[in-house]
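As they're listed, the protein sequences go chains A and B. Basically our numbering = 1-based index in the first sequence + 2. Basically our numbering = 1-based index in the second sequence + 461. Built from N, CA and C at the ideal position, the CB exists for glycine as well.
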Amino acid sequence: MREGWKPTGTAWLFLVLLIPTLLYLPALRNEFTWDDRVVAMGRDGDWVRPEVDELLAPWSYFALPYWPKGNAGDDKLYRPVTILSFALRHALFGDAPLPAHLLNLILHLLAILLVFRFLRALSGSEVACLLGALVFGLHAIHSEVIAGVVGRSELLAFDFGLLALLAAFRATDSHTRSRLGWLALSSACLFQAFASKENALAFALFLPIASHARAWRQDPARPALLWRQWFPLVLIHTIGFLLLRNEALAGAQGNPITWLENPWADLSPLARIPSALIAWDYALLLSFFPFDLAVDHGPGSLPTVMGPADALFWLAALIATGMALLVLRAIRYRRRAPLLFLALAIWFGFSFITSNIPFAVNLVLAERSYFIPSLALSLLLVWTIEHLPEHRAAPALATTLLSAWIGMNAFTILERIPVWKNNQTLATYEVVNRPDSVRMRIVVAQYCLLDERNQEAANHLEHAIEIAPHLGRLKHDYGLVLEKLGRLADAIDAYEEGLDGRIDDQRWTLRLRSRLARARKQQQKAARPPR
Amino acid sequence: MSEPATTPVSFWDHLLAPGLRLPLILLLCAVIYLPMLANGFTMDDASFVSRHPWRSQSAWMSHLQSLALHLGAVGLCYAMLRRLRLSAGAAATGALVFGLHALHSEAVLCITSSVELLGFILGSSACLLFSRMIETQGSIRILAGLCASLLFFLAFRSTETSLGWVPFLLVWLHARRMQRTPAAGMLPRADVWQWFYAAVLIVPLLILLWLHHLVVRIGMDFGDPNIQYLRNSLYYELGFERYATAFLVQGHALLQSLFPFWLASDYSHSVFPIIRSIADPWFWLSTIAALALAAMLVTGLRWHRRRPVLFAAAGLYLCFALLQGNFLGRTDRIYSESTWYTPILALSLLVGWIYDRVAAMPGALPHRSLAQITLGLWLGISCLVVLQRTPLWKDDATLFLHETQSQPGSARLAAKAAAVHLARGEQVSAGLALERAAQLDPACAGIWVMLGRTYLELGRPAEARDALKRAYQARHPGIHPILERLTANLALAYLRLHQYPQAIDCYSTALGPTDYFRSRKDLDAAILDFIQDDSAPLELRIRAATLRGNFLPAQTPPR
C-alpha cells in the first residue's frame, strides 16, 4: 500500500458492493425454485412457455399476461418487461439457472449503486450514504428476491424506478436543453418500472414526493410548486400503462383467490382489515429486524381477526392509530425532517397496495413485496447519522449496533441462500421453520409420498387439517395417503368430508369425486366373498 | 462573580452511566434468552429434574432457574474482570461477550447441562472469595477461607469439569500478584497462613476423592461408568490415535470459542474422525491445533508479568480445556458445547484487555472503529445464533429433526431422529434415518438392532435378519448389553422367514429374566403361533413350547 494512502469514496463504494456480492455468491449454485419453474423457464419437462422459450418481437410481450395461460396463478398480473428479460436470458443461455441468478445479483448490485446515488442526492454526508447503501445491500428481507429468479420483477421495478427518480432530479437541476433529455429518460424509465411490476405504480406518487423532499432539504421554506411540474409526466405514464394493461388482459377472467393463498379474501372488511393491519405491522417489524424469514406467511402463520369481539381487533385498532399518528406527524414535519417524511412515504406508499387493507390480494404477506419499502431503512439511517446525540459514547454505540445489525443480516442471508436451492430444500426447511404453515405441510407431504414415506406424509397432513379442517383439497391429499397406507375406509371418509368442505377450485371437486368412486369400488371388491 | 458553566446532563448520560452498564447487560441477556421459557424438556432433562430436588419439576420454572444461573454467571464474570483491574467499560464489554456467547446456548437451554452454570458460579465465587481471603486480615480471613472451601467443594460436586478451578486458582492468584507488584518474585512469601490457604483448596478435593471412592465401592451410580462409543470414541483409543484426535477436537473447540456460529448438539466420532496415521490429512489440522495451544501457553507464560490479564486468559482456557480434552484421563464425551461454558471466560478477559488497550491508544480512531465494528458483528451474529438455537431445544422432535439436517455426518443424531420417527409411527422415515446412521457408523451394534427392528415393523424380515446379523460383527458398544434385544428380534425375523431351527436357537438366547420390551412381546406372540402351527416341524414346536413353559412363570410384566 502506498504511504499515506487513504481509501477514497470510490474505494468504499467498491467495498459496499463487494460485501453483498460475496454473500450472495452461493445463490449462483441454486436451481429454479417455486414459481420460477412455471414463470421464468422456457421448458420444464413437458411444460413449455412459448413466449419465454422463443424470443418474440419486444412489443409482443406488452400484449401478454404475466402468468402463462392455463395456470392457476393470478391471470390479472401484467409484467411484460420481466417476461421479456426471461425470454432474452433464455435466448442467450437457455434454461441454465446460473445466468438467471447472476442477472438477479447484477441487478441487485445496480440497485445498491442507485440507492447510493439517490441518498447522495438527498444528503451531504458521504459516509451516511455509503452506510445507507450498505444497509440496503445487506437487508436480509431481499434474500427471497435475489435467490428466486421471479424476484426479477422487483429488481427491475426498483432499478427503473430509481433511475427515473435520479433522471428527474437531474432534469430539475438542469436549465439547458439537456433538461429535455433527462425528462425523456425519466419518463422512459418510469414506464419500464410500471411494466416490470404493478407495485411500481407507487413511483407515480413517490417521484413528486421525493422531488419535494429534496427541495425542502435545500430550502425548507420552498413552496410546493413541483406538483405542477411532475403531474403531467406521471399522469400520462400511469394512464398509458393502465390502458395497455387493460388491452393485454382483456380476455382474463380473474382466477378466484383461494383460501390457501389468502384466507382473508372472503372475510368482511371488519375482519379482513384488522387481520391485514396485524400482518402489516409484522412486516414493519420484519423490515427492521429481518431475521426470521419464511417463504410462506399464509394460513396458520399469521392470526386471523374474527371481528370486534376478538381481542386482536383492538390490537389492530391500536396499530392503526399508531400508524396514522406516525404518518400525520411525518406530514406535519415534512419540511423540517424531509428524510423521515420520505422514509415513511416509501414504506407506507409501496406496501399499502399489497397489504390487503384497500382490497384483498392473492397473498397474505410476501417478503419480496418489501424490497422497495426497505429503502426506508436506509433513509432512516442517514437521518439518524445526521442527528446522532452529542454524547461521546454515542458514535461508539451507534457503530456497534449498526455492525451487529449488519452481522445478523449477513448471517441470515448466508443461511437463507442454501434453503432456496431447490423446491425440496425449501419445503423441508420451511416446514421446520414454520410448522403451522398449511401450504408447506402440503408440499412436504407430496415429497414424502414420492419417497413412499406415507406415514410421515399422513402426519404432515393431519397437522395441516388441525389448522384448516374445512379445506376440501387437504382432505383429498389426506385420503390419497390413507389409501396408500391401506386404510380404505378412512380414505373414503376423508373424500366425503372433502366434498362437504371448502373447495376454491372446481378441479378439486372432480378429483375428489373420482377418488371417492374408485375407493368405494375397491372397498366393494374387497368385501365381496371369493368365488 | 459569574457561576462556572455546567454541561447539562442528557438522557444519554443517564443511560450510559457506569452504574447502569451491568444491569443493562443482564437485561439484554435475559431478553435474548427469554423465549427459552416456552421450551419443554429435552434429552435427559426429565430424569435430571427428578433426580435433583433443587430443580423445579415444571419445565418453565426449570428454565427460569437456568436463566437466573446464567445471569448470575454474567455478573460474576464482570466481577472477575474488575478484580483483574480492568476498567468498568472493559469489564462490561467482557461480560457482554460472555453473556451473549452462542456457545453457551446449550448449557443454558438444556436443563441437564445447567450443572455447568452452577459449577461456574460456585467456582468463580470461590476464586473471588479466595483472593479476598488473602488480601484481608483477622477473623474475616478465616471466615472467607471456610466459605471458599465450601464453595469449591460444591463446585467440584456439581460437575467434574469444575476441577479446572484448582489449577486456575494458582494462575488467578499469580495474575493478581503480578498486577499489584509486577517485580514480585515467582512465589509468595512463606508464612503460616500459606498452610491455611492450601488447606482451603486441598480439603474439599480430598473429601471429593473420598466420597468418589466410597460411592464407587458401594456400587452407587456415580456418573456413567459405561462410556458409550457414540458419545466418546476416544475412550477406546490409545496412544497416537487418542492424542492426535484429541488435539483436533481442541482445535475445533478453540475455533468455536472464537466464532460460535455453527453449533450442534452432538459431536460423535462420525463428526470427528479418528486420526490413525500421520498420512491422514486431518493430522495436519490436529498439528496446527496443537501448535496454537502451545503458542497460547508460551505467550501466556511470557507475559505473566507485563500482561497478567492475558496470562490469566491463557491459563484459564488451558486449565479447563485440557482437563476435559481426553488428554489426562478419558471423559464421558469427546466434546460438548456445554462443557466449554467456563473456558469462554478467557475470551471475555481477552476482549476486556483489548478494550483497555484500544481506549488507551492516542488518537487511534481507525483502530477504535475497527474494534467496535468487529465487536458489533460478533455480538450480532452470536445473538442471532442464540435466538435460532432456542426454539430448537423445545423438545426432542424439534431438536433431533433439525440437527440431522445441520449435522448430517452424525450417526448419533440420525439414530435419535429415527427414535423420534418411531415414536410417531413413521417407520419408513425411521428406516431411512437408521440406514443413514448405519452407513455413517457401521460398527455400532445398537444402530443395527434398531434398524433390524424397524425393518421387521415394515414387514421386511430378510433385510431385518441381515441388519441384525451385522450387529454381531459390530465393535461397539459391545454386544452384551443389547444381546437379548438383538436375539429376540433375530428370532422374530427367522420365524417370519420360516427358518425355524435358527429361530428357536435365537429364542433360547433371548429369554432373559428381566427384559420385557416390545420385541419380546412380539416374539412371545409369534412363538405361540408357531407352537400352534400344525404345519411346522413337531420337534421344534416341542422345543419351543418347553422353552416357553420354562420361561413364562418367571416373567412378570411391568405394571
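{"Asked": "So, is A/ALA318 buried or exposed, given that buried needs 16 or more other C-beta atoms within 10 angstroms?", "Found": "buried"}
{"Asked": "How big is the Cα-Cα spacing for A/PRO99 and A/GLU33?", "Found": "5 Å"}
{"Asked": "Look up B/CYS571 in the DSSP assignment and say whether it is helix, strand or coil.", "Found": "coil"}
{"Asked": "If you draw a straight line from the C-alpha of A/GLU454 to the C-alpha of B/LEU895, how long is it?", "Found": "16 Å"}
{"Asked": "I'd like the list of long-range same chain contacts for A/ALA322, defined as Cβ closer than 7 Å, with 5 residues on each side in sequence excluded.", "Found": "LEU279"}
{"Asked": "Keeping to the same chain, check which residues put their C-beta closer than 7 Å to that of B/HIS765; ignore five residues upstream and five downstream.", "Found": "HIS635, MET639 and PHE772"}
{"Asked": "Find the nearest neighbour of B/ALA807 within the set B/VAL819, B/TYR778 and B/HIS828, judged by alpha-carbon distance.", "Found": "B/TYR778"}
{"Asked": "Just the C-alpha distance for B/TYR796 and B/ASN693, rounded to the nearest angstrom, thanks.", "Found": "8 Å"}
{"Asked": "CB-CB under 6 Å to A/VAL41, same chain, minus the five flanking residues each way: which ones, in chain order?", "Found": "VAL152"}
{"Asked": "Does any CB atom of chain B fall closer than 8 Å to the CB of A/SER376?", "Found": "no"}
{"Asked": "Ordered along the chain, which non-local residues of its own chain (more than five positions away) have a Cβ less than 6 Å from that of B/HIS475?", "Found": "none"}
{"Asked": "Could you tell me the alpha carbon to alpha carbon distance between A/ILE211 and A/HIS393, rounded to whole angstroms?", "Found": "34 Å"}
{"Asked": "Using DSSP with H/G/I as helix, E/B as strand and the rest coil, what is B/ARG818?", "Found": "helix"}
{"Asked": "Kindly identify the DSSP beta-bridge partner or partners of A/TRP49.", "Found": "A/ASP46"}
{"Asked": "Give me the Cα-Cα distance between A/ALA466 and A/ILE444, rounded to the nearest whole angstrom.", "Found": "7 Å"}
{"Asked": "How would you call B/PRO686, buried or exposed, if buried means at least 16 neighbouring beta carbons within 10 angstroms?", "Found": "Low confidence applies to B/PRO686: its pLDDT is 42, below 50, so where it sits in the model is not reliable, and the reading given next is rough at best. Exposed: under 16 other Cβ atoms inside 10 Å."}
{"Asked": "Note down the Cα distance separating A/LEU20 from A/THR178, rounded to an integer number of angstroms.", "Found": "37 Å"}
{"Asked": "With DSSP as the reference, label A/ARG224 as helix, strand or coil.", "Found": "coil"}
{"Asked": "Name the chain B residues that come within less than 8 Å of A/MET410, Cβ to Cβ?", "Found": "GLY841, ILE842, CYS844 and LEU845"}
{"Asked": "How big is the Cα-Cα spacing for A/GLU263 and A/LEU377?", "Found": "27 Å"}
{"Asked": "Along the region 874-907 of chain B, what residues have a CB closer than 8 Å to any CB found in chain A?", "Found": "HIS882, ARG885, GLY886, GLU887, GLN888, VAL889, SER890 and LEU893"}
{"Asked": "Inspect the CB distances between the region 468-475 of chain A and the region 502-514 of chain A and report whether three or more fall short of 8 Å.", "Found": "yes"}
{"Asked": "At which residue ranges does the region 550-624 of chain B contain complete alpha helix (DSSP H) runs of 4 or more residues, listed in the order of the chain?", "Found": "566-570, 575-596 and 600-619"}
{"Asked": "Hey, which unbroken runs of the alpha helix (DSSP H) at 4 residues or more fall wholly within the region 807-890 of chain B?", "Found": "826-853, 857-867 and 872-884"}
{"Asked": "Answer with buried or exposed for A/LEU24, where buried requires no fewer than 16 other C-beta atoms within 10 angstroms of its C-beta.", "Found": "exposed"}
{"Asked": "Look at the Cβ atom of B/HIS531, then the Cβ atom of B/SER843, and state whether they are nearer than 8 Å.", "Found": "no"}
{"Asked": "Closest to A/VAL297 by C-alpha separation, out of A/ARG91, A/PHE16, A/LEU428 and A/ALA519, would be which residue?", "Found": "A/LEU428"}
{"Asked": "Pull up the distance between the alpha-carbon of B/PHE744 and that of B/LEU784, whole angstroms please.", "Found": "21 Å"}
{"Asked": "Pick out whichever of A/THR414, A/ALA285, A/HIS239 and A/ARG441 has its Cα sitting closest to the Cα of A/PHE373.", "Found": "A/ALA285"}
{"Asked": "For A/THR10, count neighbouring Cβ atoms within 10 angstroms of its own Cβ and tell me buried if that reaches 16, exposed if not.", "Found": "exposed"}
{"Asked": "What span of residues does the alpha helix (DSSP H) with A/GLN194 cover, start to end?", "Found": "180-198"}
{"Asked": "By how many angstroms is the C-alpha of B/ARG791 removed from the C-alpha of B/SER575?", "Found": "22 Å"}
{"Asked": "Assign A/LEU251 to one of three DSSP states: helix, strand, or coil.", "Found": "coil"}
{"Asked": "Anyone know if the C-beta pair for A/PRO310 and A/LEU272 falls short of 8 Å?", "Found": "yes"}
{"Asked": "Can you tell me whether B/SER511 is buried or exposed, with buried defined as 16 or more other CB within 10 angstroms of its CB?", "Found": "exposed"}
{"Asked": "For B/HIS863, go through chain A and note every residue whose CB falls closer than 8 Å to its CB, in chain order.", "Found": "VAL434"}
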